[in-house]
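Comments concern the structure below.
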Amino acid sequence: MHIRRAAAKALSAVADLYDTGRQTMYQQNNTFQWNENYPLLEDAVADYERCGLFVVAEDETSEEIIGCFSLLPGPDEAYVNIAEGAWINSLDYVVIHRVAVKYTGHGIASFIFNWICENYSNVRADTHEANVAMTTTLTHAGFVYCGKVVGHDKTPRDAFHFVA
Numbered sequence: 001m002h003i004r005r006a007a008a009k010a011l012s013a014v015a016d017l018y019d020t021g022r023q024t025m026y027q028q029n030n031t032f033q034w035n036e037n038y039p040l041l042e043d044a045v046a047d048y049e050r051c052g053l054f055v056v057a058e059d060e061t062s063e064e065i066i067g068c069f070s071l072l073p074g075p076d077e078a079y080v081n082i083a084e085g086a087w088i089n090s091l092d093y094v095v096i097h098r099v100a101v102k103y104t105g106h107g108i109a110s111f112i113f114n115w116i117c118e119n120y121s122n123v124r125a126d127t128h129e130a131n132v133a134m135t136t137t138l139t140h141a142g143f144v145y146c147g148k149v150v151g152h153d154k155t156p157r158d159a160f161h162f163v164a
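Counting with UniProt numbering, you get residues 1 to 164 for the letters of the sequence shown.
Take a look at the structure:
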């Protein structure tokens, strides 16, 4: 697999992946994290404009996008206040949002997180407690549960931190 920054022509494919991710969450009884209003194409465009939208393809030459994520520099306002715990450190960090894959069970999400952890030394992420698949992926990639933050939709999220 290969990760690269998204090109403008990938934006509609990313929005399609958001739809696929939303359907997968619903099938896994996680109707809390993503809904019909989030994430949308507009979120992909905003991440792209900040140079923070990445896509996954089978290899360097493949045009088919099988995964996506945003990776943005902190601070993230949702991470200013953490309850029931603390971040591992207060150094500069990047934050992962909006991870979506075309196929579940193919190791795409694990590939994404392994790539991030190989290339960045201080990374934060959050997920809804109902998102068991993401919690498992984060833990396997070396992220540590740190407490609770409030997500964009004002619901509590489990907060994770990776430090190399």
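By construction, the Cβ of each residue, glycine as well, lies at the ideal position given by its N, Cα and C atoms. None of these values were measured; they are calculated from a predicted model.
Practice item. Whole angstroms is fine: what's the gap from THR136's alpha carbon to GLU49's? Key: Each residue's Cα considered, the two are about 30 angstroms apart.
Exercise for review: Throw me the rounded Cβ distance for the ALA125 and PHE143 pair, which I believe falls under 8 angstroms.
Suggested key: 6 angstroms
Exercise for review: Could you check the C-alpha separation between SER12 and GLY74 for me, to the nearest Å?
Suggested key: 26 angstroms
Practice item. Report back the beta-carbon spacing between ALA78 and ASN114 to the nearest angstrom; my notes put them in contact at under 8 angstroms. Key: Contact flag wrong, Cβ pair sits at about 24 angstroms.
Exercise for review: Confirm, please, whether the CB-CB distance from ARG98 to PRO156 is below 9 angstroms.
Suggested key: no
Check your understanding: Roughly how many whole angstroms lie between the Cα atoms of residue 168 and ASN131?
Key -> In this structure the chain extends from 1 to 164, so residue 168 is not present and cannot be described.
Check your understanding: Rounded C-beta distance between ASP158 and THR139? I'm assuming under 8 angstroms.
Key -> So it is not a contact: roughly 10 angstroms between Cβ atoms.
Exercise for review: Indicate whether VAL101 and LEU17 have their beta-carbon atoms separated by less than 9 angstroms.
Suggested key: yes
Exercise for review: On a CA-only basis, which of ALA86, ILE108, ASP92 and CYS146 is nearest TYR120? Give me that one, please.
Suggested key: ASP92
Check your understanding: Among GLY21, VAL163 and TYR26, which has the Cα closest to the Cα of TRP87?
Key -> VAL163
Review point. Which value, in whole angstroms, describes the spacing of the CA atoms of TYR145 and ALA46?
Key: 28 angstroms
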